[in-house]
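Reading through the structure tokens given below for one structure.
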Ligand SMILES: Cc1ncc(COP(=O)(O)O)c(C=O)c1O
């Protein structure tokens, strides 16, 4: 999408609610396959740019979706009774602790709108999911970005940032983190949560939890009322196109979030599909095993190509592709890959201009990526 610099005068006589809204840049999504086909006339496209599940979703989902097709004139259950019941059993929480969202982005937005006002602050890490800083700008709040430690969250520095900024209302932590793939230990997270005032909401964004079950911090909910865990059906469950996510929290927090959310924020098809997907944990196990195997293969190929990468606990990996001696930049490699039908994610918007984020695909997709990358890197 073409964007121009917005200024207050270009909107006059209209004025946005907060000046910080003018500083917002639209979220850059992974390039859709259809767009590449349209622009370059390539039909055989491999998309490794949005951390989607290359295996698709559970076959049970098709059945559940089909059953809903005769009911499309009816509103969905605004309370998501069956999905919430299944999520409560799965996560060993009460139904009253759950809030459903139109994807987990919706929940991050609901959390910010519920707790963050003008002149409050949101704390997050450098190289963390870009939506956190966008939410601060949307709310007219301060965004406090804490320098990362070896591409991951520096929780001690984040705790200090909360102390230094008594107006902090929410801390966002992605674990594993997107785009760096780093993971935090239970002990350090526990220490962090214990170190911040109970008036500060700590949001643990566990979008990639299924790829790294040891980063499940569900236990923190039993101890701390100011912890919220946000999860999604978009990644391992393979339902990115349907938009379903959920938050686990204390009952009063869930009560508030449920007042703020749109009454029918998850569609009839989304509710049914998510319940069917959750019930098929064999599919999730297969997804995890395939991802692990392919991740190890990719790591070996990057080693062989002499490319640095950050060890990832999710379904994507960040690779350093700047080859200064040969004057090859990440931007030029990204473009060359696009022209050959392989979509990956540039990370300039994250302040990582020498890196690309690559979603782990199926074996044949990864082979195509590596072959294409090798031919670009060895071109005269
Ligand atoms: C860390 C993290 N959180 C949340 C999301 C939002 O996902 P969705 O809105 O599809 O659930 C993403 C998507 O890329 C993500 O990487």
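Numbering (the working numbering), first residue to last: 3 to 382.
No residue lacks a Cβ here, since even glycine has one placed at the ideal position from N, Cα and C.
When the Cα atoms are used, what is the spatial distance from residue i to residue j?
{"i": "residue 121", "j": "residue 207", "result": "24 Å"}
{"i": "residue 229", "j": "residue 156", "result": "18 Å"}
{"i": "residue 376", "j": "residue 307", "result": "7 Å"}
{"i": "residue 245", "j": "residue 39", "result": "24 Å"}
{"i": "residue 309", "j": "residue 19", "result": "45 Å"}
{"i": "residue 341", "j": "residue 42", "result": "7 Å"}
{"i": "residue 371", "j": "residue 352", "result": "23 Å"}
{"i": "residue 304", "j": "residue 288", "result": "24 Å"}
{"i": "residue 123", "j": "residue 198", "result": "14 Å"}
{"i": "residue 117", "j": "residue 243", "result": "28 Å"}
{"i": "residue 34", "j": "residue 359", "result": "16 Å"}
{"i": "residue 7", "j": "residue 67", "result": "42 Å"}
{"i": "residue 290", "j": "residue 283", "result": "11 Å"}
{"i": "residue 3", "j": "residue 28", "result": "Residue confidence for residue 3 is low, a pLDDT of 44 falling below 50, so the modelled location carries little weight; the figure read from the coordinates is stated next. The straight-line gap from Cα to Cα measures roughly 9 Å."}
{"i": "residue 355", "j": "residue 181", "result": "13 Å"}
{"i": "residue 86", "j": "residue 58", "result": "23 Å"}
{"i": "residue 285", "j": "residue 333", "result": "36 Å"}
{"i": "residue 224", "j": "residue 335", "result": "47 Å"}
{"i": "residue 265", "j": "residue 105", "result": "15 Å"}
{"i": "residue 72", "j": "residue 79", "result": "15 Å"}
{"i": "residue 150", "j": "residue 160", "result": "9 Å"}
{"i": "residue 12", "j": "residue 147", "result": "29 Å"}
{"i": "residue 167", "j": "residue 175", "result": "17 Å"}
With 16 as the cutoff for other CB atoms within 10 Å, does residue i come out buried or exposed?
{"i": "residue 368", "result": "buried"}
{"i": "residue 298", "result": "exposed"}
{"i": "residue 267", "result": "buried"}
{"i": "residue 128", "result": "buried"}
{"i": "residue 361", "result": "buried"}
{"i": "residue 37", "result": "exposed"}
{"i": "residue 171", "result": "buried"}
{"i": "residue 189", "result": "exposed"}
{"i": "residue 46", "result": "exposed"}
{"i": "residue 2", "result": "Only positions 3 to 382 of the chain appear in this structure, which leaves residue 2 out of reach."}
{"i": "residue 111", "result": "buried"}
{"i": "residue 241", "result": "buried"}
{"i": "residue 77", "result": "exposed"}
{"i": "residue 21", "result": "exposed"}
{"i": "residue 1", "result": "Lying outside 3 to 382, the shown extent of the chain, residue 1 is not represented and no answer is given."}
{"i": "residue 61", "result": "exposed"}
{"i": "residue 131", "result": "buried"}
{"i": "residue 296", "result": "buried"}
{"i": "residue 314", "result": "buried"}
{"i": "residue 92", "result": "exposed"}
{"i": "residue 179", "result": "buried"}
{"i": "residue 183", "result": "buried"}
{"i": "residue 50", "result": "buried"}
Quick one, which of the options has its alpha-carbon nearest residue i's?
{"i": "residue 191", "options": "181, 177, 183 and 201", "result": "177"}
{"i": "residue 318", "options": "147, 185 and 201", "result": "185"}
{"i": "residue 316", "options": "210, 224 and 353", "result": "210"}
{"i": "residue 324", "options": "65, 301, 357 and 314", "result": "357"}
{"i": "residue 70", "options": "269, 352, 313 and 349", "result": "269"}
{"i": "residue 301", "options": "321, 349, 32 and 15", "result": "321"}
{"i": "residue 169", "options": "154, 182, 195 and 203", "result": "203"}
{"i": "residue 383", "options": "374, 349, 364 and 381", "result": "The question about residue 383 has no answer here: the residues shown for the chain are numbered 3 through 382."}
{"i": "residue 213", "options": "294, 221, 354 and 173", "result": "294"}
{"i": "residue 44", "options": "363, 380, 344 and 364", "result": "344"}
{"i": "residue 379", "options": "355, 337 and 10", "result": "337"}
{"i": "residue 115", "options": "91, 255, 333 and 290", "result": "255"}
{"i": "residue 272", "options": "113, 374, 285 and 74", "result": "74"}
{"i": "residue 165", "options": "195, 140 and 151", "result": "195"}
{"i": "residue 312", "options": "193, 152 and 224", "result": "152"}
{"i": "residue 218", "options": "232, 109 and 335", "result": "232"}
{"i": "residue 366", "options": "48, 23, 274 and 27", "result": "48"}
{"i": "residue 26", "options": "92, 140 and 296", "result": "140"}
{"i": "residue 107", "options": "296, 263, 374 and 333", "result": "263"}
{"i": "residue 200", "options": "226, 364 and 97", "result": "226"}
{"i": "residue 119", "options": "187, 143, 109 and 160", "result": "143"}
{"i": "residue 32", "options": "381, 363 and 346", "result": "346"}
{"i": "residue 162", "options": "90, 339, 187 and 125", "result": "125"}
{"i": "residue 205", "options": "222, 63 and 364", "result": "222"}
At a threshold of 7 Å, does residue i count as lining ligand 2 (C-beta to nearest heavy atom)?
{"i": "residue 312", "result": "Annotation note on ligand 2: not contained in the displayed structure, which lists ligand 1 as its ligands."}
Would you say residue i reaches chain C, if we count a Cβ-Cβ gap shorter than 8 Å as a contact?
{"i": "residue 214", "result": "In the structure shown, chain C does not exist; there is a single protein chain."}
- Query: How about the segment 244-251 and the segment 329-339: do they share at least three Cβ pairs that are nearer than 8 Å?
  - Reply: no
field: Stretch pair the segment 223-238 + the segment 51-64: three plus CB contacts closer than 8 Å
entry: yes
* Asked: Which residues count as close to ligand 1 when the rule is a CB under 5 Å from any of its heavy atoms, in chain order?
  -> 105, 106, 107, 131, 176, 180, 207, 209, 234, 236 and 247
message: Any contact between the segment 255-262 and the segment 95-112? By contact I mean 3 or more CB pairs, one from each, below 8 Å.
response: yes
With three or more beta-carbon pairs closer than 8 Å as the criterion, would you say the segment 273-289 touches the segment 124-143?
no
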